[in-house]
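Under our numbering, residues 114 to 374 are what the sequence shown spells out, in order. Here a beta-carbon is modelled for each residue, glycine too, at the ideal position from N, C-alpha and C. Right, one structure below, let's go through it.
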Amino acid sequence: MNLQLKTGEELFLVLIMGLLLIFSLVILFIVLTLFVQVRQILTGVQPDTQPTDPFWKKWFDNAVPTTQEETILLDHNYDGIRELDNHLPPWWVGLFYGTIVFGLFYVVNYHFWQWSPLQDDEYQQEMAAAKVEVEQFQAKQANSISEANVTLLTEASALTKGKEIYAANCVACHGAALEGGVGPNLTDVYWLHGGGIQDLFKVVKYGVPEKGMIAWQATLKPNEIQAVSSYILSLQGSNPANAKEPQGEEYKPAADVAAQM
Numbered sequence: 114m115n116l117q118l119k120t121g122e123e124l125f126l127v128l129i130m131g132l133l134l135i136f137s138l139v140i141l142f143i144v145l146t147l148f149v150q151v152r153q154i155l156t157g158v159q160p161d162t163q164p165t166d167p168f169w170k171k172w173f174d175n176a177v178p179t180t181q182e183e184t185i186l187l188d189h190n191y192d193g194i195r196e197l198d199n200h201l202p203p204w205w206v207g208l209f210y211g212t213i214v215f216g217l218f219y220v221v222n223y224h225f226w227q228w229s230p231l232q233d234d235e236y237q238q239e240m241a242a243a244k245v246e247v248e249q250f251q252a253k254q255a256n257s258i259s260e261a262n263v264t265l266l267t268e269a270s271a272l273t274k275g276k277e278i279y280a281a282n283c284v285a286c287h288g289a290a291l292e293g294g295v296g297p298n299l300t301d302v303y304w305l306h307g308g309g310i311q312d313l314f315k316v317v318k319y320g321v322p323e324k325g326m327i328a329w330q331a332t333l334k335p336n337e338i339q340a341v342s343s344y345i346l347s348l349q350g351s352n353p354a355n356a357k358e359p360q361g362e363e364y365k366p367a368a369d370v371a372a373q374m
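Below, the structure written as structure tokens:
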């Protein structure tokens with residue numbers, strides 16, 4: 114039987130359920146007591162002994178009647194003021210012993226049997242679960258990137274990631290500094306298939322089979338294609354040594370074209 118309580122909230126709920134169960138039993142006892150008394154009245158049955166207070170009334174108030182206070186007077190006298198030796202109400206005593214039981218259960222639960230994690234452990238568990246959720250969300254977002262909605266990344270972390278992807282997959286054809294080789298120079302303003310982020314993303318994703326460039330969509334994730342495309346565009350105008358001659362047409366961003374009209 115697995116009694117592990119994973120969070121403090123679960124332990125609290127268990128305690129609340131226990132209290133509700135006890136409360137329900139008390140209510141049931143009171144109802145049954147009242148039912149018996151009403152039945153005796155309706156049937157005309159008279160008890161042989163003097164009727165006594167029901168249990169629930171004694172539970173809330175067990176004080177000695179004022180007519181019998183002389184029996185519990187203490188001997189000491191302070192300026193004419195005398196003290197009664199009344200006991201604490203049973204409900205108060207019950208709560209006191211209940212806190213002791215709760216304390217014992219708490220210590221055993223958290224420090225001996227470890228049914229429930231301590232606050233620090235619970236925090237670490239929740240952080241780990243949140244990390245998994247974030248990774249799943251990021252993976253979902255990464256896979257939703259396409260040439261239709263891709264945007265240019267400028268964060269240093271994204272460009273560093275893009276540089277690593279380029280070094281591992283693109284250097285052989287385009288050169289370490291993007292100067293070109295088998296493939297075209299990627300640092301000038303001339304492009305064969307467009308020079309915007311969406312154009313470059315599409316070329317990397319689907320490749321150019323007739324020119325010998327493979328499609329990378331089966332190897333790189335959409336967010337990785339976005340990162341390497343952004344890294345390439347970040348080096349526009351860097352003029353590396355031994356740069357290959359321009360190929361294609363000069364690319365002008367849509368904003369520049371609109372400004373000239």
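For residue 337, the enclosing alpha helix (DSSP H) covers residues 335 to 347. Going by DSSP, residue 196 is part of the beta strand (DSSP E) stretching over 194 to 197. Per DSSP, residue 217 is one residue of the alpha helix (DSSP H) stretching across 203 to 220. Short of 7 Å from the beta carbon of residue 287, and not among the five residues preceding or following it, lie these beta carbons of its own chain, in chain order: 293, 294, 296 and 299. Contact annotation, residue 307 with residue 364: C-beta distance approximately 6 Å; criterion of less than 8 Å satisfied. Exclusion of the five residues before and after residue 176 leaves 199 as the residues of its chain whose Cβ lies within less than 6 Å of its Cβ. Distance from the Cα of residue 289 is smallest, within the candidate group 193, 150, 134 and 356, for 356.
Taking C-beta atoms under 8 Å as the contact rule, residue 278 and residue 346 fail to qualify, at a distance of about 14 Å. As the crow flies, the alpha-carbon of residue 155 is around 11 Å from that of residue 148.
Between residue 260 and residue 324, the beta carbon gap of about 18 Å keeps them out of contact (Cβ cut-off 8 Å).
Annotated three-state conformation of residue 189 is strand, per DSSP. Between residue 359 and residue 301, the C-beta spacing is below 8 Å. For residue 364, the secondary structure class from DSSP, reduced to helix, strand or coil, is coil. Counting only runs of at least 4 residues, the stretch 242 to 317 fully encloses the following alpha helix (DSSP H) elements, listed from N- to C-terminal order: 269 to 282 and 284 to 287. Under DSSP, residue 130 forms no beta bridge with any residue. Nearest Cα to residue 303 within the set 352, 236 and 189: 352. Residue 231 and residue 248 have their C-alpha atoms roughly 26 Å apart.
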